[in-house]
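> Residue numbers (mature numbering (1 follows the signal peptide of the UniProt record, and there is no 0)): -26 to -1, 1 to 144.
Mind having a look at this structure? Questions to follow.
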């Protein structure tokens, strides 16, 4: 009878003993890094102003989550996050019976580097990618609005994934 009470408790403690943690809640890149400056996001695509959307999403994403806090003063930051939007595409993925485009898929890839300000040491470096589908529309303005919403969603997901990877110190 005692074993039936102890066994569930052991199952609950087992993940903690293995060092398990939820994604994005790891120890992070360094105990000395409390603040982050996001700067130098470069656009290597033909999509105008996409780097601004990415940078804003990264700042907002780190602001909403625990761990490293973004700040506006580069000189006071513990770490510097730089990067580039290396790929963006929007391609049709489905057609109707009249061979008209029904749906598109937008995809984006960013590369980023997190460096400690004090010594320039690289704490994390990597790339993240995401895709999002959106409906086609015969009205050009609505079509552009749908693509802009897809881009915003991609930027949010990339910022989330970047946060998870930085905090898990991959």
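Every residue, glycine too, gets a C-beta built ideally from N, C-alpha and C.
As the structure is a prediction and not an experimental result, all values here were calculated from the model.
Answer with buried or exposed for residue 139, where buried requires no fewer than 16 other C-beta atoms within 10 angstroms of its C-beta.
That one is buried.
> Go through its chain and collect everything with a Cβ distance to residue 21's Cβ below 7 Å, but skip five positions before and after it.
Result list for residue 21: 62, in chain order.
> Hey, does residue 9 have any beta-carbon neighbour from chain C nearer than 8 Å?
No chain C is present in this structure, which holds just one protein chain.
> How about residue 86 and residue 55: do their beta carbons lie closer than 8 Å?
Against a cut-off of 8 Å, the Cβ pair of residue 55 and residue 86 comes out as a contact.
> Just the Cα atoms here: how many angstroms apart are residue 141 and residue 28?
Computed Cα separation, rounded: 18 Å.
> Going by DSSP, what residues sit across from residue 17 in a beta bridge?
Residue 17 is bridged to 59.
> Figure out for me which residue from 34, 19, 6, 24 has the closest Cα to the Cα of residue 12.
With distances taken between Cα atoms, residue 12 lies closest to 34.
> Determine whether the beta carbon atoms of residue 59 and residue 68 lie at a separation below 8 Å.
For residue 59 and residue 68, no; Cβs fall outside 8 Å.
> Rounding to the nearest angstrom, what Cα-Cα distance links residue 57 and residue 83 in this structure?
So the two alpha carbons sit approximately 11 Å from each other.
> To the nearest angstrom, how far is the alpha carbon of residue -4 from that of residue 137?
Model confidence at residue -4 stands at a pLDDT of 45, short of 50, so the residue's coordinates are unreliable; what they give is reported in the following sentence. Each residue's alpha carbon lies about 9 Å from the other.
> Is the beta carbon of residue 121 sitting closer than 8 Å to the one on residue 81?
No. Outside cutoff.
> If we count the other Cβ atoms within 10 Å of its Cβ and call it buried at 16 or more, is residue 107 buried or exposed?
Label assigned to residue 107: exposed.
> Taking the straight line between their C-alpha atoms, what separation do you get for residue 113 and residue 78?
Computed Cα separation, rounded: 15 Å.
> My understanding is that residue 97 touches residue 43, with C-beta atoms under 8 Å, so please give their C-beta distance in whole angstroms.
Not a contact, Cβ separation roughly 15 Å.
> If you count every other CB in all the chains shown that lies within 10 Å of the CB of residue 134, and 16 or more means buried, which is it?
Buried, since its Cβ has 16 or more Cβ neighbours within 10 Å.
> How would you label residue 132, buried or exposed, when you count the other beta carbons within 10 angstroms and need 16 or more for buried?
Its Cβ being crowded by 16 or more others within 10 Å, residue 132 is buried.
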